[in-house]
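Reading through the C-alpha cells given below for one structure.
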Amino acid sequence: MSTSEIDRQWTTRLRRRGFGKLPPEKMLPDTQPSYVASWIYVFGVATISALIVVIATGCVLAIFGPQWWHVSNIGHFVNSLHLWSVEIFFFSMVVHLWGKYFMAAWRGGRAMTWITGMVLFLMSVVTALTGYVSQTNFDSQWISTQAKDAINSTGGGAFFNLLNPGQMLMWHIVLMPLVLVLLVGAHVVMVRIKGVVPPFEENVGADQ
Amino acid sequence: MGPFLSAALLPLNDPGHYFHWHFLEISAANAIVIASMVVVFVLALVLPFPGRRRRKENQ
C-alpha cells in the first residue's frame, strides 16, 4: 500500500486528527496550572466520582430487582447508597455550576463545554425523575401522577408517559445513562482540549 | 421497614416541615440542602488548598 493510500484511509485521518487535537500528554497531564490548586476546582471531579457510584449501585439494583431492594437489609442499603450518591452528585454539580458561572468558564472558546454542562444538568434532572417514578412504591405513584400533568401541559405526554412504569424504567436504566455517559465524556474531552479556564486576572490579553 | 424507620435520626412518618413567605413555599429539607450548598461554595473559595504554597514556590 502506497503512502498516499495510507494517508487517505479514514483510520489514519481520524487518528491524526484525534491526536492532533488531543495528544496523550494533554488528555492525561502531569501537572496543572497553579490556579487549579483551589477547592472550587474539585467539584467537577467530585460529580463524576458520585456518578460512578450511582451507576455501580444502579447495576447492583438492576441485578437483584425491586423485591430485593424493598425487603432485604442489604437491598435497603444498596438502595440508600444509590439515593445518597445521587444527592452528592447533584450537590457537587450545583456547586461546580456556581463556580463555573462566576468565573465565566465559557471564556476562551469554551462555549461548547459550558453548553454540554448545562445540557448534562437538565438531562440529569430527567434521569432523576425517571428514577423517582421507577421505585415501585407509593412515592413513585404519587410523583408520577403529579408530574404527568406538568408533562402533559407541554405536549410531551404524547410520547413520554410518566404513568408507564416500563417506559420510565427503560429511560432510567438504558437511554438516560447512555446519554449522560456520552455527554460527560464529551464534556471532559472538551475541558482537556481547551484546558481549565484561568481566573480573570490571568486571562489578560487572551481571546474572550 | 420498622427497624429502619425506628433507627432513623429524624421521624420519617410525620408530615414534612415547610417554610411559607408570601407566595414562596419551600420544604425544610430542600432549604437545608440549598443553604449547605451555599456554605460549601463559600468554604471552597476561602479555605486554603493543601500544597498550594509549595506549588507556587516551585513555579
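For the record, the sequence lines run as chains V and A. Anchor point for the first sequence: position 133 equals 135 in our numbering, and the numbering is continuous, going up by one each time. Anchor point for the second sequence: position 43 equals 231 in our numbering, and the numbering is continuous, going up by one each time. Every residue, glycine too, gets a C-beta built ideally from N, C-alpha and C.
Determine the chain V residues that contact residue i at a beta-carbon separation under 8 Å, and present them in chain order.
i	result
A/V228	F93, V97
Identify the contact partners of residue i in chain A, using a Cβ-Cβ distance below 8 Å as the criterion.
i	result
V/W41	L231, A232, L233, L235, F237
Is it the case that the Cβ atoms of residue i and residue j are separated by a distance below 8 Å?
i	j	result
V/V44	V/S87	no
V/F123	V/M105	no
V/F91	V/G77	no
V/H174	V/T132	yes
V/I50	V/G101	no
V/N81	V/L63	yes
V/M178	V/T129	yes
V/V97	A/A196	no
A/F237	V/A39	yes
V/Q167	V/Y37	Going by the sequence as given, residue 167 of chain V is Pro instead of Gln. Cβ atoms of V/P167 and V/Y37: not closer than 8 Å.
At what residues does the beta strand (DSSP E) containing residue i begin and finish?
i	result
V/L184	Run containing V/L184: none in the beta strand (DSSP E); it sits in the alpha helix (DSSP H), 178-196.
In its own chain, which residues sit with a C-beta less than 6 Å from the C-beta of residue i, not counting the 5 before and 5 after it?
i	result
A/G190	Bear in mind that a pLDDT of 49 at A/G190, under 50, signals an unreliable position, so the number given afterwards is only what the model happens to contain. Around A/G190: no qualifying Cβ.
A/S215	G204, Y206
V/P68	T138
V/L53	F91
For the alpha helix (DSSP H) that contains residue i, what are its first and last residues?
i	result
V/F93	75-104
V/F60	Residue 60 of chain V is actually Gly in this sequence, not Phe. Start and end: 45-66.
V/M3	Run containing V/M3: none; DSSP gives neither H nor E here.
V/Q143	140-156
V/W12	12-23
V/F123	113-134
V/Q169	167-172
V/E213	No answer is possible for residue 213 of chain V: it lies beyond the span of chain V, which begins at 3 and ends at 210.
What are the residues that DSSP puts in a beta bridge with residue i?
i	result
A/S215	A/Y206
Anything in chain A within Cβ reach of residue i, meaning under 9 Å, just list it in chain order.
i	result
V/W100	M225, V226, F229
Tell me which same chain residues have a C-beta within less than 8 Å of the C-beta of residue i, skipping the five on either side of it?
i	result
V/L165	S146, T147, K150
V/L24	V191, R194, I195
V/G60	H84, I175, P179
Apart from the five residues on each side of it in sequence, which residues of its chain come closer than 7 Å, Cβ to Cβ, to residue i?
i	result
V/D209	Caution is warranted here: a pLDDT of 48 is assigned to V/D209, below 50, making its placement in the model unreliable, and no coordinate value can be reported.
V/V199	M105, A107, R109, G110, R112
V/L185	T118, V121, L122, M125
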